[in-house]
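Here the UniProt record's numbering is used: the first residue of the sequence shown is 1, the next is one more, and so on.
Yeah, the Cβ is synthetic: ideal placement off N, Cα and C, and Gly gets one too.
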Amino acid sequence: MVTKTVKLTNEDGLHARAAAIFVRTANRYTSEITLEAHGDSVNGKSIIGIMSLGAFHGEEVSISANGVDEQEAIDNLVELVENNFISS
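Structure representation (structure tokens):
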């Protein structure tokens with residue numbers, strides 16, 4: 001399992017658009033993806049789960065991946081968050 005913590009620097013945090021982009025990216029991987037904020041942990045492949053975290057600009061979230069492509073998943077998801085949910 002690989003876990004990294006990242007700060008939400010985009011203006012709106014994990015709002016609908018950002019959550020949708022995160023989920024679309026997470027679903028490219030076979031690893032289990034988990035997102036944690038405020039002590040709550042949700043499936044990183046669930047848009048409803050991610051939006052229920054209520055994570056806003058300036059807050060930190062932890063992204064965990066467990067599986068065969070866990071490192072690649074974490075690297076790409078952290079990069080996505082750090083780039084304000086603008087995928088390359």
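Residue i, DSSP secondary structure in three states
i: T25; result: helix
i: S64; result: strand
Cα-Cα separation, residue i to residue j
i: I74; j: I33; result: 9 Å
i: residue 91; j: T9; result: This structure gives no information on residue 91, because the portion of the chain shown stretches from 1 to 88.
i: E70; j: R28; result: 11 Å
i: D12; j: F56; result: 6 Å
Beta-carbon contacts of residue i that lie in its chain and below 6 Å, excluding the five residues immediately before and after
i: A26; result: I33, G44, K45
i: A65; result: V2, S31, I33, A73, I74
Cβ-based neighbour list, residue i, same chain, cut-off 7 Å, excluding 5 preceding and 5 following
i: D40; result: L53
i: A19; result: I47, I50, M51
Residue i burial status per 10 Å Cβ neighbour count (16 or more: buried)
i: I48; result: exposed
Proximal residues to residue i (C-beta, below 8 Å), its chain only, five neighbours per side dropped
i: R17; result: F85
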